[in-house]
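Colleague:
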Amino acid sequence: MDTELSEFERQMRREINAFMDNAQETRRKAATTPPEWPREEKAAKKPPRSKPAGSPRTGHLVKLAVRTRKLEMDTVFEHVSSSISKVEAQLEAEKAARKAGYPIIGYVIETRRL
């Protein structure tokens, strides 16, 4: 039993080391060779937009009630998502709120289509 376990551990170590060496080699190749982008001969003219250039075409505006501490008043956090799915937009907004420094997400106040 003991020899089987030690043989299994040795085999796993060999496989992990082989995988890590291969992953490092792949990263090295990706870092040293520049990406090759397809070249367009003529840039196609786009029709003028009805909205300003900075605004998203589709998506949702999600308002969340967030807090930095447990016993604190809720503050409104707004996030504009380009996702057409309501649930995905809410998840994106929650991730953005946590990244912005609000660890406690209370509830969704409003989700509005753009």
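So the sequence shown is numbered by this note's numbering: it starts at 128 and just counts up by one.
Built from N, CA and C at the ideal position, the CB exists for glycine as well.
Quick caveat: nothing in here was measured; it's all calculated off a predicted structure.
In terms of residue numbering, what span does the alpha helix (DSSP H) encompassing E219 cover?
Modeller: Where E219 is concerned, the enclosing alpha helix (DSSP H) stretches over 213-226.
Colleague: Rounded to the nearest angstrom, how far is the Cβ of H206 from that of E215, given a contact under 8 Å?
Modeller: So it is not a contact: roughly 12 Å between Cβ atoms.
Colleague: Going by beta carbon distance, what residues of the same chain come within less than 6 Å of T185, once the five residues before and after it are set aside?
Modeller: Excluding residues within five positions, the ones whose Cβ falls inside 6 Å are I211.
Colleague: My guess is that V193 and G233 are in contact by the Cβ rule of under 8 Å, so how many angstroms apart are they, rounded?
Modeller: Going by Cβ atoms, the distance from V193 to G233 rounds to 6 Å, so yes, they are a contact pair.
Colleague: Compare the C-alpha of S208 against each of A145, K197, D201, L241 and name the closest.
Modeller: Taking only the C-alpha atoms, the option nearest S208 is L241.
Colleague: Rounded to whole angstroms, what is the Cα-Cα separation between L191 and D148?
Modeller: Distance between the alpha carbons of L191 and D148: 44 Å.
Colleague: Just the Cα atoms here: how many angstroms apart are E199 and Y229?
Modeller: Cα to Cα, the separation comes out at about 11 Å.
Colleague: Quick check: the Cα distance between T195 and R225, rounded to an integer number of angstroms?
Modeller: C-alpha separation (whole angstroms): 9 Å.
Colleague: In angstroms, rounded to a whole number, what distance separates the CA positions of R239 and E221?
Modeller: Between R239 and E221, the C-alpha separation is close to 15 Å.
Colleague: Alpha carbon to alpha carbon, what distance is there between V235 and M139?
Modeller: Approximately 46 Å between the Cα atoms of the pair.
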